[in-house]
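A short worksheet on the structure shown next.
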Amino acid sequence: MLPRLHTQTDIHPTVQVFLQQLEANGFSGDIETQYSSRLAVATDNSVYQKLPQAVVHPKATQDVQLIGELASQDKFSSVTFSPRGGGTGTNGQSLTSGVVVDLSRYMNRVLEINEDEGWVRVQTGIVKDALNDAIRPYGYFFSPDLSTSNRATLGGMVNTDASGQGSLKYGKTSDHVLSLQAVFADGSLLESDGSGAGVPSGSFAEQALAVSKNVCQSQRTLIDEKFPPLNRFLTGYDLKNAYQPDSDDFDFTRILCGAEGSLAFITEAKLNLTPIPKARTLINVKYNSFDSALRNAPFMVEANALSVETVDSRVLNLAKQDIVWHTVSDLISDVPGKEMQGLNMVEYAGQDEQEVARAVKALTDSLDEKLKTEQDGIIGYQITNDVASIGRIYNMRKKAVGLLGAVKGSAKPIAFAEDTCVPPENLADFIAEFRVLLDGHNLNYGMFGHVDAGVLHVRPALDMCDPNQEALMHQVSDEVVALVAKYGGLMWGEHGKGFRSEYGPEFFGDELFNELRRIKSACDPLNKMNPGKICTPLGSDDELVKVSDVKRGTYDRQIPVEVRDSFSQAMECNGNGLCFNYDTASPMCPSMKVTADRRHSPKGRAGLVREWLRQLSEQGFDVIELENETKKSPSAKGLIEKWRNTFNKRHEYDFSHEVYEAMNGCLACKACASQCPIKVDVPSFRSRFLNLYYTRYQRPAKDYLVANIETMLPYMAKVPKVVNFALKQPLVQKLTEKSVGYIDAPLLSVPTLKSRIKHQPVSEFNLEQLQAIPTAQRQDYVCIVQDPFTSFYDAQVVEDFAKLILKLGKKPVILPFKPNGKATHIKGFLAQFAKSAQNTADFLAEVAALDIPLVGVDPALVLCYRDEYTEILAESRGDFDVLTVHEWLTPMLKDIEPSNVIDEADWYLFAHCTEKTKMPNAEKEWGSIFQHFGGRLTTVPVGCCGMAGTFGHESDKLQMSKDIYGLSWAPNLDKLPTERCLVTGYSCRSQVKRFEHAPTKHPLQAVLQLLN
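Numbering of the sequence shown is given in the numbering used here, commencing with residue 377 and proceeding in unit increments.
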């Protein structure tokens, strides 16, 4: 039986009093102190881990001021803060043992757009891509382009002075910030537009302006001497560009940009915007070696390109193994007879189409000459002018960051020296020596970066659970710092200092570093703002954070290796945060999108399970052994103990309850299993957690209903009208909701599937009858594999599929119904699932041996045979493959005459999220099928519908289900004729019917209509 886990880290009494007073003083946001909420922000996209005291989510600037005003009281002098946005930092910039102030949940609005003057004012919790979506209709975009743009916030971009591709032309974030609204640790407010108007006398804001300007004026010579002339120069406080001696202009904005929240909270930003280019062309230049690509990059820059991005063969090969490659394989094709070892992605963009065309022609003419002899290692190139295609290529490049972390083995590529910056002309020699350094330690690594700016991303693979490897990380860091100094560069060219702050004094020298400390002292004299980052106040004994500080691996290594390997889907999450993607059309992660709660994300859930495993190990429990115990029949004593734990001890704290809360909100849509570059598979470890959780606590009644519905359905279908009549009764509905927790129960199909096919040329064969079919005739048959939901609740689809099979000259056979078991897996009935899965797999393997195609109509349940069955049964799964309808139809098209009649109206495809994430070509193949039969199919970009099997029918999930449906499904259906909308998933059709009160078709039904 699972033990009670009560090792919650206490919150300091002073912090508790501070938070109570904050709420009493009118703080309007959320205050979270539960262990799970703190764990969710204890990590970022780095190797470090720091548990904060609490997390607060302000709703307005006034809330942030309230935090500062209260914290300035003497009794709260020990309370410290760190601002946080998307949590995508690679060096622990926002990690703290104090209080995290997360602006991303609520403070994420566009406040004002000035189309005429080309600027926007936003709250800094807004995601970068969301900002671009808002200003795109006005013909503008915010140009600093980083790989995490779909989840990084503007506040994070400001605090790290982020840049990305195209920075030679577009610059860094600080080059586009017109003004910032800053709240200091005493609550004083400053608009950093240079006026200083309204700043309270004697406040931190007033001190900040005066001292910072004095430092920039008085130390000008030293500043010019120490700051290298690099495009990506990043100090934290941009003393060089904050002050212009010729005009005596001082821009405090430049001091705040890159400060990593160590000076003030940034609550609003006024940003200048860039007109969207009217012409864009991307040239993918292919090389026979990565070194050739690096050495040829300066030539590309001289050719007046907007940006030059380099990717090595390791990253390319990882991309080819990922779902993302399906979107770009035709845009970056292999060169026949050549091995592509490097790629330069060269972009031209501008307002003048002819000027862009001339620049592109000049480059391609030169490339054509070089190709004749493979000069500079060039083996080919491809040109892309389509904006959507260019976006897909850059998405592949962006995903490269996460893909590097997906390599097999315990050593994972990690970020710690991955944004070195040297003058571009020194880059190739620098990288050659960098390679020697890494090779000398026998480290594997991948490389990509912005060669136009001399920035290269290098992530050596280390096992951070190994203390020796952890020590090696610090050693390599020291060596890289010395190497970049040799080549006139610096360690932190793009991603800020964070835990690398210890190298600041060495880089700046004591004299200039003390000037930085003067600025820190003026802005934050009590060192309350992100202490330890960049510098400490003058006279303070506080230390800077260090590369050797506590890492996630310190905790992970406390879990036995066998357990870590068994739970790899959770353990290997590296925090890249792609699951925070704000885009409502992205299938990952629906629960995170509607709750804005980091716990309800793959990253959050993986972190909670890691800590759960650590606590179990700490108490001496073997998780594998506990799982083995669940395969045995429960004893009476165990059942009594479960009842006691559930009803008599519910007041007792158990960390498992916090893990359960996060798991309970998961829709088990499986998008994370393919969309996450690390393949963090939440439904897999969620089912294992629930399996163990319910050894200690009693399951809710609804779980038993869901787990046994497949067994009950054949009996219910014998009297469908009686069952439906009962389900329609208000009293039954009320009792079902109150006693079982189930709502909006679907009605059985009337007539039933059995009745529908009774008078049609459709066979219902058992195994013996199938085996009796002569071998030569078996190619004429198609076996329809029933699933519980379509066969019993949406039988018209199965009937129409049988008609379609007949129309195409084949003979449909309805196989005997065998439970699929997916619902039992979702609910954590793993022993029951394994048993039913083995039974069904054995049957399907025997049918498959007859060489008759097996086809199912619901993609989620078809994919269960490939995914969950393989996971739970392993070798005993047997050899069979159940196809989806489009997989069965696609290869048949070559033998079917295309239609001469074209359907005048468009059809609209709403694909099931599991289907399109696990089968990336599904939508494209449906489009080809429709085109072949004279139909026009438009794919509608939607995420999850919110039903996810039975999730949307559980009363405690109803609101979340509605909210998820409202993200992308409802808005798109509002714009389209429902009768032309096609939905592949049964649960999705059920959800649409529930909220739109109108049925939708499966695409196979539209194909049948086209044929008729």
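Built from N, CA and C at the ideal position, the CB exists for glycine as well.
If you compare alpha carbons, which of the options is closest to residue i?
i     : options                      : result
P881  : V921, C899 and K862          : V921
A928  : Q396, G531, V423 and H850    : In the sequence as presented, Ala is not what sits at residue 928; that position holds Arg. The shortest C-alpha separation from R928 is found at V423.
V687  : M716, N1142 and A738         : M716
V1388 : A1324, A808 and K1179        : Looking at the sequence shown, residue 1388 is not Val but Asn. Out of A1324, A808 and K1179, K1179 has the C-alpha closest to the C-alpha of N1388.
N1142 : Q751, I1190 and K696         : I1190
P1319 : M676, H1329, F1306 and P1347 : A small correction: the amino acid at residue 1319 is Gly; Pro does not occupy that position in the sequence shown. Considering only alpha carbons, the answer is P1347.
Y546  : F517, A561, F1065 and S1366  : F517
N1004 : F1306, P1188, A1210 and S853 : A1210
Q441  : V431, G501 and F641          : F641
C633  : L554, G494, E846 and Y1157   : L554
L415  : L427, I910 and T1128         : L427
D698  : G953, A733 and L779          : L779
K904  : S454, L707, V939 and L395    : S454
V1098 : A400, P1127 and D1350        : P1127
L1386 : P1229, D1176 and Y1080       : D1176
D450  : L566, F1371, L556 and T390   : T390
G980  : G996, F997, P963 and Q945    : Q945
E870  : H826, A837 and E887          : H826
L647  : D728, Y958 and L487          : L487
G515  : N490, T524 and K504          : N490
A528  : N421, Y1029 and L859         : N421
V591  : K616, A573 and V575          : K616
H1262 : F1286, E1299 and D1282       : E1299
V534  : L1380, E636 and T912         : E636
L989  : H850, D1079, L1068 and Q1105 : L1068
Name, in chain order, the residues that DSSP records as bridge partners for residue i.
i     : result
P901  : Answer by DSSP bridge pairing: none, since P901 is not bridged.
S555  : K646
N720  : V661 and T686
I1133 : DSSP, once it has assigned bridges, lists no residue as partnering I1133.
F517  : T650
Q499  : E644
P881  : DSSP lists no partner for P881.
H826  : E685 and V831
P836  : Y821
S458  : V476
Measure the beta-carbon distance from residue i to residue j and round it to whole angstroms, keeping in mind my assumption that it falls under 8 Å.
i     : j     : result
V1368 : T1376 : 5 Å
M356  : C955  : Outside the displayed span of the chain (377 to 1388) sits residue 356, for which this structure offers no information.
R497  : E644  : 6 Å
L1220 : V1258 : 7 Å
A1236 : T1290 : 5 Å
P1053 : K775  : 6 Å
S638  : D925  : Going by Cβ atoms, the distance from S638 to D925 rounds to 16 Å, so no, they are not a contact pair.
T456  : V476  : No, T456 and V476 are not in contact; Cβ-Cβ is about 10 Å, not under 8 Å.
P520  : T549  : 5 Å
V831  : A793  : The Cβ separation is near 12 Å, so there is no contact.
**Message:** For the structure I just gave you, are there three or more beta carbon pairs, one from the region 910 to 921 and one from the region 806 to 824, closer than 8 Å?
**Reply:** no
**Request:** Could you pull out every unbroken alpha helix (DSSP H) segment of at least 4 residues lying fully inside the region 733 to 794, listed in chain order?
**Result:** Listed in chain order, the alpha helix (DSSP H) elements of length 4 or more contained wholly in the region 733 to 794 are 763 to 779.
**Prompt:** Using 8 Å as the Cβ pair cut-off and three pairs as the minimum, do the region 1247 to 1259 and the region 1214 to 1234 touch?
**Reply:** yes
**Message:** Check whether the region 684 to 698 and the region 751 to 766 touch, using three or more Cβ-Cβ pairs below 8 Å as the test.
**Reply:** no
**Request:** Take every Cβ of the region 765 to 781, pair it with every Cβ of the region 651 to 664, and state whether three or more of those distances are shorter than 8 Å.
**Result:** yes
**Message:** Across the region 1021 to 1040 and the region 964 to 984, are there enough close Cβ pairs to call them in contact, namely three or more that are closer than 8 Å?
**Reply:** yes
**Runs of beta strand (DSSP E) lying entirely within the region 1156 to 1194, each at least 3 residues, in chain order** = 1157 to 1160 and 1187 to 1190
**Contiguous alpha helix (DSSP H) assignments of at least 4 residues, all confined to the region 1016 to 1097** = 1031 to 1040, 1047 to 1051, 1058 to 1072 and 1077 to 1092
**Sufficient close CB pairs (3 or more, under 8 Å) joining the region 398 to 408 to the region 423 to 437** = yes
**Asked** So, do the region 1151 to 1160 and the region 1093 to 1109 have three or more beta carbon pairs nearer to each other than 8 Å?
**Response** no
**Request:** Any chance you could list the alpha helix (DSSP H) runs of at least 4 consecutive residues sitting entirely within the region 928 to 996, in chain order?
**Result:** 928 to 932, 937 to 942, 944 to 947, 966 to 971 and 978 to 994
**Prompt:** Does the region 1201 to 1209 touch the region 1162 to 1176, meaning 3 or more C-beta pairs lie closer than 8 Å?
**Reply:** no
**Asked** Should the region 1321 to 1337 be regarded as contacting the region 1293 to 1308, the criterion being three or more beta carbon pairs within less than 8 Å?
**Response** no
**Prompt:** Taking contact to mean at least 3 C-beta pairs separated by less than 8 Å, is the region 660 to 673 in contact with the region 706 to 724?
**Reply:** yes
**Asked** Quick one: any contact between the region 1075 to 1095 and the region 1192 to 1207, if contact means 3 or more CB pairs under 8 Å?
**Response** yes
**Asked** Within the chosen definition, does the region 663 to 675 reach the region 579 to 588 through at least 3 CB pairs nearer than 8 Å?
**Response** no
**Message:** For the pair the region 855 to 862 and the region 560 to 571, tell me if three or more CB-CB distances fall below 8 Å.
**Reply:** no
**Prompt:** What residue ranges within the region 1238 to 1287 form continuous alpha helix (DSSP H) runs of no fewer than 4 residues, ordered along the chain?
**Reply:** 1244 to 1249 and 1261 to 1265
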